[in-house]
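2 protein chains.
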Amino acid sequence: MNDKNLRIPKRVKRSDQIVESVKRWVALNRMQPGERLPNERELMEQFECSKGTVREALKSLEVQGLVSIRTGPNGGAILERVPYEKASALLRNFLHFEQPSGPEIYALRTLVEPEIAALATPRLTDEDLAALNALIKRCEVAPETFEERMDQRIAELEFHVLLAQRCGNAMLAFIGRFVNDMIRDMVIFKKSALPEQREFSCANLKYHQKLLAALKARDADSARQLMHEHMKSAEHFNRELEGQLNQHFLGMNRGIPG
Amino acid sequence: MNDKNLRIPKRVKRSDQIVESVKRWVALNRMQPGERLPNERELMEQFECSKGTVREALKSLEVQGLVSIRTGPNGGAILERVPYEKASALLRNFLHFEQPSGPEIYALRTLVEPEIAALATPRLTDEDLAALNALIKRCEVAPETFEERMDQRIAELEFHVLLAQRCGNAMLAFIGRFVNDMIRDMVIFKKSALPEQREFSCANLKYHQKLLAALKARDADSARQLMHEHMKSAEHFNRELEGQLNQHFLGMNRGIPG
DNA sequence: CAATACTATTTATACTAATAAATAGATTAA
DNA sequence: TTAATCTATTTATTAGTATAAATAGTATTG
Numbered sequence: 016m017n018d019k020n021l022r023i024p025k026r027v028k029r030s031d032q033i034v035e036s037v038k039r040w041v042a043l044n045r046m047q048p049g050e051r052l053p054n055e056r057e058l059m060e061q062f063e064c065s066k067g068t069v070r071e072a073l074k075s076l077e078v079q080g081l082v083s084i085r086t087g088p089n090g091g092a093i094l095e096r097v098p099y100e101k102a103s104a105l106l107r108n109f110l111h112f113e114q115p116s117g118p119e120i121y122a123l124r125t126l127v128e129p130e131i132a133a134l135a136t137p138r139l140t141d142e143d144l145a146a147l148n149a150l151i152k153r154c155e156v157a158p159e160t161f162e163e164r165m166d167q168r169i170a171e172l173e174f175h176v177l178l179a180q181r182c183g184n185a186m187l188a189f190i191g192r193f194v195n196d197m198i199r200d201m202v203i204f205k206k207s208a209l210p211e212q213r214e215f216s217c218a219n220l221k222y223h224q225k226l227l228a229a230l231k232a233r234d235a236d237s238a239r240q241l242m243h244e245h246m247k248s249a250e251h252f253n254r255e256l257e258g259q260l261n262q263h264f265l266g267m268n269r270g271i272p273g
Numbered sequence: 016m017n018d019k020n021l022r023i024p025k026r027v028k029r030s031d032q033i034v035e036s037v038k039r040w041v042a043l044n045r046m047q048p049g050e051r052l053p054n055e056r057e058l059m060e061q062f063e064c065s066k067g068t069v070r071e072a073l074k075s076l077e078v079q080g081l082v083s084i085r086t087g088p089n090g091g092a093i094l095e096r097v098p099y100e101k102a103s104a105l106l107r108n109f110l111h112f113e114q115p116s117g118p119e120i121y122a123l124r125t126l127v128e129p130e131i132a133a134l135a136t137p138r139l140t141d142e143d144l145a146a147l148n149a150l151i152k153r154c155e156v157a158p159e160t161f162e163e164r165m166d167q168r169i170a171e172l173e174f175h176v177l178l179a180q181r182c183g184n185a186m187l188a189f190i191g192r193f194v195n196d197m198i199r200d201m202v203i204f205k206k207s208a209l210p211e212q213r214e215f216s217c218a219n220l221k222y223h224q225k226l227l228a229a230l231k232a233r234d235a236d237s238a239r240q241l242m243h244e245h246m247k248s249a250e251h252f253n254r255e256l257e258g259q260l261n262q263h264f265l266g267m268n269r270g271i272p273g
């Protein structure tokens with residue numbers, strides 16, 4: 016009774032065996048995204064098992080993002096590159112019970128963003144620079160409605176996501192994007208109740224403008240340095256904001272009689 | 016025919032609907048690991064669907080690492096914290112087609128390890144320090160067999176994994192552990208063919224010894240600095256090693272007549 | 001001739017029912 | 001008291017059937 020977790024299952028489930036077999040087969044044959052797996056009937060014959068078992072195996076592969084399943088002629092399971100959204104969602108499950116705090120997220124962000132900026136600098140196309148400029152433009156007008164305010168925060172984050180996608184290091188790209196996604200959710204679900212942080216928005220805008228200039232000049236060192244300052248600034252504002260948030264909720268509690 | 020990927024599925028699958036419902040239910044009720052989900056029969060009634068559909072939904076949750084499923088009385092789906100191994104495996108799927116290179120992995124490692132060391136410094140218990148010392152001891156004798164060599168490389172990496180687990184930042188901890196896992200696989204599957212890199216091993220040992228001294232002295236800044244030098248050194252050796260590896264394989268190819 | 005609608009086929013999706021395997025807890029025997 | 005055995009519960013797997021979705025190919029229409 017005391018520790019059920021370290022129980023080793025006597026027999027691995029048939030469906031999991033099939034999943035592993037298929038994975039091995041895909042790796043060995045160097046199969047590429049878009050190629051088809053055998054259909055359910057063939058898999059049933061191949062592994063000598065029933066429809067339900069095959070379906071569970073395919074479901075597992077689908078959840079892992081390795082295949083997508085379609086009906087109709089030439090349907091069935093098709094090999095896919097795991098989409099970012101899938102990997103991101105699965106990593107979030109892992110963090111569900113840890114609930115990283117704002118400062119924790121910003122600690123990581125401060126580490127990775129400067130390097131991402133430096134790595135992306137020589138790799139940005141003219142279209143990328145134009146896109147970054149457009150994102151900055153979206154933040155240059157004073158927001159009037161709540162929706163505009165949120166849109167500007169999103170645009171700020173997309174600036175960073177674009178850099179991450181261009182940094183040329185798949186793992187750094189993933190982490191950069193993931194961190195910005197976490198912040199996006201934080202902004203939307205926790206910070207949206209607070210009034211506009213004009214100082215914060217203006218500081219961000221300034222940094223993004225300076226960054227764009229450095230990126231256009233292909234000056235990776237400046238980009239790294241500016242991004243570091245930007246992150247330190249954002250980290251600072253976040254800390255202030257969290258303080259206000261606490262005050263906010265404390266005030267609410269004080270308002271409840273009894 | 017040209018782009019099947021951007022097709023949007025008309026109807027979400029019943030099993031996926033159930034997965035989402037269960038997730039919402041878990042989040043709303045603030046359910047904790049160890050708590051039980053309703054069994055298959057109850058879920059069938061709850062969602063008015065067949066056994067197979069419930070099983071697919073449970074399979075999905077299981078693959079995501081959110082529940083473990085047991086047979087027998089009081090069996091069924093039990094809520095779990097997603098184990099690191101699960102999250103790690105799923106992220107690897109994402110990177111399967113990207114195949115991060117040695118230099119890419121080391122670029123990330125150089126970023127995160129110094130900060131991990133600094134954060135872990137004030138949090139290490141005496142047991143942790145003893146464990147780190149034991150890992151160092153494992154590397155102090157000259158390896159005689161292949162197995163010993165590999166064991167020492169593993170011990171080196173476990174030194175870093177332990178620090179990562181103690182850094183107090185769930186995301187940094189995950190990344191640190193993940194990066195070391197990637198290096199472990201690289202060592203085992205790619206680098207094991209090469210002769211011992213005595214200079215490399217000695218350098219690592221020296222750095223780990225100095226690091227342990229700094230950690231014992233609770234000197235976070237020194238730990239950070241030492242770890243940075245350690246990573247730069249390791250990065251350098253890795254680059255040399257990759258060069259040798261290429262030579263190695265070039266040599267092999269030259270050996271093939273014709 | 002090109003665009004549209006129809007149709008046959010392929011395939012996944014969902015359901016039912018029955019048996020096999022695993023196991024926690026109760027019972028029994030040494 | 002301890003160890004072995006039984007039993008009830010629950011998942012795991014199988015088999016078979018029926019339905020719904022997707023699509024390639026064909027026929028029809030403007």
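Quick note, the sequences are listed as chains A and B, same order.
Residue numbers 16 to 273, in the numbering used here, belong to the letters of the first sequence in order.
Residue numbers 16 to 273, in the numbering used here, belong to the letters of the second sequence in order.
The beta carbon of each residue, even a glycine, is placed where N, CA and C say it ideally should be.
Where B/Gly-80 and A/Val-156 are concerned, what is the direct C-alpha to C-alpha distance, given to the nearest angstrom? 45 Å
Residue environment, B/Pro-98, which counts as buried when at least 16 other CB atoms sit within 10 Å: exposed
Nearest residue (CA-CA) to B/Glu-250, options B/Ile-169, B/Met-186, B/Ala-218 and B/Asn-261: B/Ala-218
By the criterion of Cβ-Cβ separation under 9 Å, what are the contact partners of B/Ser-65 in chain A? None at all; the shortest Cβ gap to chain A is about 10 Å.
Pull up the distance between the alpha-carbon of B/Ala-135 and that of B/Ser-248, whole angstroms please. 21 Å
Would you please state the rounded distance, in angstroms, between the beta carbons of A/Ala-102 and B/Leu-106? I believe it to be under 8 Å. 6 Å
With a cut-off of 8 Å, do at least 3 Cβ pairs link the stretch 108 to 122 of chain B to the stretch 229 to 245 of chain B? no
Residue span of the alpha helix (DSSP H) that contains B/Gly-117, given as start and end: 117 to 135
Under a CB-based cut-off of 8 Å, is B/Phe-62 close to chain A? no
In terms of residue numbering, what span does the alpha helix (DSSP H) encompassing B/Arg-213 cover? 213 to 231
Alpha carbon of B/Thr-86 to alpha carbon of A/Lys-28, nearest angstrom: 12 Å
Do A/Ile-84 and A/Glu-77 have their CB atoms nearer than 8 Å? yes
Considering only the beta carbon of each residue, do A/Ile-120 and A/Leu-187 sit closer than 8 Å? no
Out of B/Gly-91, B/Met-201, B/Met-197 and B/Leu-126, point me to the one whose CA is closest to A/Arg-239's CA. B/Leu-126
Once the 5 residues before and after B/Asp-196 are set aside, which same chain residues still bring their CB inside 7 Å of it? Ser-103
If contact is defined by three or more beta carbon pairs under 8 Å, each pair taking one atom from either stretch, is the stretch 165 to 178 of chain B in contact with the stretch 167 to 182 of chain A? no
Distance, Cα to Cα, B/Val-194 vs B/Glu-128? 10 Å
Give the interface partners of A/Gln-79 over in chain B, defined as CB-CB distance under 7 Å, in chain order. Val-78, Leu-105 and Asn-108
Name the chain A residues whose beta carbon is nearer than 9 Å to that of B/Pro-158? Chain A residues near B/Pro-158: none, gap ~30 Å exceeds 9 Å.
When the distance is taken between beta carbons, is A/Thr-68 closer than 8 Å to A/Ile-93? no
With a 10 Å radius around its C-beta and 16 neighbouring C-beta atoms as the bar for buried, classify A/Glu-71 as buried or exposed. buried
Can you name the start and end residues of the alpha helix (DSSP H) that A/Ala-157 belongs to? Careful: A/Ala-157 lies outside any alpha helix (DSSP H) and carries neither H nor E.
Quick one: using the 10 Å Cβ neighbour count with 16 as the cut-off for buried, is B/Gly-191 buried or exposed? buried
Going by C-alpha to C-alpha distance, which of A/Arg-254, A/Ser-207 and A/Tyr-222 sits closest to A/Arg-164? A/Ser-207
How should B/Lys-74 be labelled, buried or exposed, when 16 other C-beta atoms within 10 angstroms of its C-beta is the threshold for buried? buried
Exposed or buried, B/Gly-91, counting other C-beta atoms within 10 Å across all chains shown (16 or more means buried)? buried
For A/Ala-232 and A/Glu-142, the rounded distance between their alpha carbons: 15 Å
To which residues of the same chain is A/Ala-133 closer than 6 Å at the C-beta, ignoring the five residues directly before and after it? Ala-235, Ala-238 and Arg-239
C-alpha distance - A/Leu-150 paired with A/Gln-259, whole-angstrom precision: 28 Å
Whole angstroms are fine: how far does the CA of A/Pro-48 sit from the CA of B/Asn-20? Residue placement at B/Asn-20 cannot be trusted, given a pLDDT of 37 that sits under 50; what the coordinates show is reported in the next sentence. Near 11 Å, if we compare the C-alpha coordinates of A/Pro-48 and B/Asn-20.
C-beta contact flag for A/Ala-145 and A/Leu-177 at 8 Å: no
CA-CA distance, A/Lys-66 and A/Ile-203? 43 Å
Alpha-carbon spacing of B/Asn-261 relative to B/Glu-63, whole angstroms: 60 Å
Can you pull the DSSP bridge partners for B/Ile-84? B/Ala-92
B/Arg-51 (DSSP reduced to helix, strand or coil): strand
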